[in-house]
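Colleague: I'd like to ask you about the structure that follows.
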Amino acid sequence: MKSNLLKETIRQFDEHRLQEEAALRAREAEVMEKIPELASLRNASISNFAKEARARILDSTSKDDKDYRQEVKEEDIENIRRQEKKLLVDNAYPEDYLSIRFSCKICKDTGYTGDLVKEKCTCLIQKLIEQFYNQSNLTDVEGENFATFDENVFPDKPLRENGPTQREYMLQLRKLFTNYSKEFPNNPKKNILFTGKTGLGKTFLLNCLAKALLDKGFSVLKITSYNLFEQLFDNAMRNRGEGDQLLKDRIFTVDVLIIDDVGTETKRNNITAEDLFNILNERYLRKKHTFISTNLTLQDLQEWYSDRVTSRLFDKDNTMLIRFSGQDIRLKKKNK
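The numbering of the sequence shown is our numbering, which starts it at 16 and goes up by one.
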């Protein structure tokens, strides 16, 4: 998914650059017709440069002489540019009318900077982030992120005797996931499993983490468990081989897959469990990150899915298990 987005974005950059080059040629043709002096200046300079190039090929003078001639040539070019700009301004044109109009002057709309070592330009990174947002199915992250995290909505009451309060626990999780996003993608544990009843902040924290990773330029796809398995089942039943493959390509290749509300999907014999195992196993083999939220308890998960699924879900070496408990903050907000 990420590589396809990169290719498509670079294609858009190339297309824009070609359009701008064509627009420049059109402006040049217009100006040459309306300002004969400028056309003569250009023709004379082209002729002079051609003679200079021929002379340099035949030249056998010393290096110092060549360096001096190069300086003279650069001065000539700069002088011609000044004359062109003056002619343009004298004829009511902007002085940069014959310059190509790049959207990004840093990379000149190529998407990359550097000569020997190519690096993504900031404009390309920003464009990719926008594309990732558009394809992530995350509509709430602008309002639900680490910057909008308000600990005061969580009760300041202990979750258990001698334990942290619900507010303190959520602050601990905010710190934990802020650090997780900073270390991404080099986290030892690639999977996160959120368990707990509704209204405790699971989805909010998932959105916070997703927003932080999207802003770093990683691809994220969020989908409910119900929609995920309905799409997989529908593709299989209708023999939509291409559609099924496209869906699986996205699921397997995205940097972060978030499956929300696991356990709410329709259970179809062993099909659902097998699909979930294949997703978890394939992403495990590819070292991809998978975040899962569920209202089910660990025991419920064991009863709902096969042992193969729960062995992947409860793998302590690769999964961070986060339990949520306390007061439903959504009920608290409604009462207020």
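Even for Gly, the Cβ is constructed at its ideal location relative to N, Cα and C. Since the structure is predicted, the reported quantities are computational estimates derived from the model, not experimental observations.
Can the beta-carbon of Phe244 be found closer than 8 Å to that of Glu198?
Modeller: In this structure, Glu198 does not lie closer than 8 Å to Phe244 by Cβ.
Colleague: Using the beta-carbon count (16 or more within 10 Å), is Asp105 buried or exposed?
Modeller: Exposed.
Colleague: Beta carbon of Arg182, beta carbon of Asp165: below 8 Å?
Modeller: Not a contact, by the Cβ cut-off of 8 Å.
Colleague: Which one of Lys101, Ile140 and Thr218 has the shortest CA to CA distance from Leu21?
Modeller: For the residues Lys101, Ile140 and Thr218, the minimum Cα distance to Leu21 belongs to Ile140.
Colleague: Is the beta carbon of Phe192 sitting closer than 8 Å to the one on Leu220?
Modeller: Contact: yes.
Colleague: Within the 8 Å Cβ cut-off, does Gly341 reach chain C?
Modeller: Looking for chain C here will not work: only one protein chain is present.
Colleague: Alpha carbon to alpha carbon, how far is Ala54 from Asp111?
Modeller: Each residue's Cα considered, the two are about 16 Å apart.
Colleague: Would you be able to state if there are at least three C-beta pairs under 8 Å between the segment 329-337 and the segment 201-210?
Modeller: Segments in contact, yes.
Colleague: By how many angstroms is the C-alpha of Glu318 removed from the C-alpha of Asn201?
Modeller: Spanning the two alpha carbons is a distance of roughly 33 Å.
Colleague: Please report the straight-line C-alpha distance between Asn242 and Ile266, rounded to a whole angstrom.
Modeller: Their Cα atoms are separated by approximately 13 Å.
Colleague: Short of 7 Å in beta carbon distance, which residues of its chain neighbour Glu52, apart from the five on each side in sequence? Order them along the chain.
Modeller: The residues are Leu102.
Colleague: I think Arg42 touches Leu113, with their Cβ atoms under 8 Å apart; what is that distance to the nearest whole Å?
Modeller: Confirmed, about 6 Å.
Colleague: Could you tell me which uninterrupted alpha helix (DSSP H) segments, each at least 4 residues in length, are contained entirely in the segment 219-294, listed from first to last along the chain?
Modeller: Fully enclosed alpha helix (DSSP H) runs of 4 or longer: 240-252 and 256-268.
Colleague: Grab me the residues of Glu134's own chain with a C-beta within less than 6 Å of its C-beta, minus the 5 sequence neighbours each way, in chain order.
Modeller: Same-chain partners within the cutoff: Thr128.
Colleague: Quick one: using the 10 Å Cβ neighbour count with 16 as the cut-off for buried, is Arg298 buried or exposed?
Modeller: The residue in question, Arg298, is buried, as its Cβ has 16 or more Cβ neighbours within 10 Å.
Colleague: Skipping 5 residues on each side, what residues in its chain have a beta carbon closer than 6 Å to that of His304?
Modeller: Cβ neighbours of His304 beyond the five flanking positions: Lys205 and Val271.
Colleague: For Ser340, which three-state DSSP category applies?
Modeller: Here Ser340 sits in coil by DSSP.
Colleague: Tell me, which residues are paired with Leu208 by DSSP?
Modeller: Per DSSP, Ile307 and Leu336.
Colleague: May I ask you to list the residues that DSSP assigns as paired with Tyr127?
Modeller: In the DSSP output, where bridge partners are listed per residue, Tyr127 has Lys135.
Colleague: Could you tell me the distance, in whole angstroms, from the CA atom of Thr218 to the CA atom of Ile25?
Modeller: Rounded to whole angstroms, Thr218 to Ile25 spans 34 Å at the Cα level.
Colleague: Given 7 Å as the limit, tell me if Gly278 has its C-beta closer than that to any heavy atom belonging to the ligand MN.
Modeller: By its list of ligands, the structure shown contains no ligand whatsoever, and the ligand MN lies outside what it can speak to.
Colleague: List the endpoints of the continuous alpha helix (DSSP H) containing Leu316.
Modeller: From DSSP, the alpha helix (DSSP H) with Leu316 extends over Leu313 to Trp319.
Colleague: Would Arg323 and Phe292 qualify as a contact pair, given that the criterion is a beta-carbon distance under 8 Å?
Modeller: Closer than 8 Å, so yes.
Colleague: Who are the near neighbours of Gln342 in its chain, counting only those whose CB is closer than 6 Å to its CB and skipping five residues on each side?
Modeller: Correct list, in chain order: Pro170.
Colleague: What are the partner residues of Pro173, as DSSP defines its beta bridges?
Modeller: Bridge partners of Pro173: Thr180.
Colleague: By how many angstroms is the C-alpha of Lys123 removed from the C-alpha of Met185?
Modeller: About 45 Å.
Colleague: Where do the N-terminal and C-terminal ends of the alpha helix (DSSP H) with Val324 fall, by residue?
Modeller: Unbroken alpha helix (DSSP H) run through Val324: Asp322 to Leu328.
Colleague: Could you pull out every residue in the same chain whose Cβ sits closer than 6 Å to the Cβ of Glu30, ignoring the five residues on either side in sequence?
Modeller: Counting only Cβ-Cβ distances below 6 Å, and skipping sequence neighbours, we find nothing.
Colleague: Going straight from the alpha carbon of Met252 to that of Arg283, what length do you get?
Modeller: Taking the straight line joining both Cα atoms gives about 13 Å.
Colleague: Going by C-alpha distance, which of Asn222, Val277, Thr309 and Phe161 is nearest Thr210?
Modeller: Checking every option, the nearest Cα to that of Thr210 belongs to Thr309.
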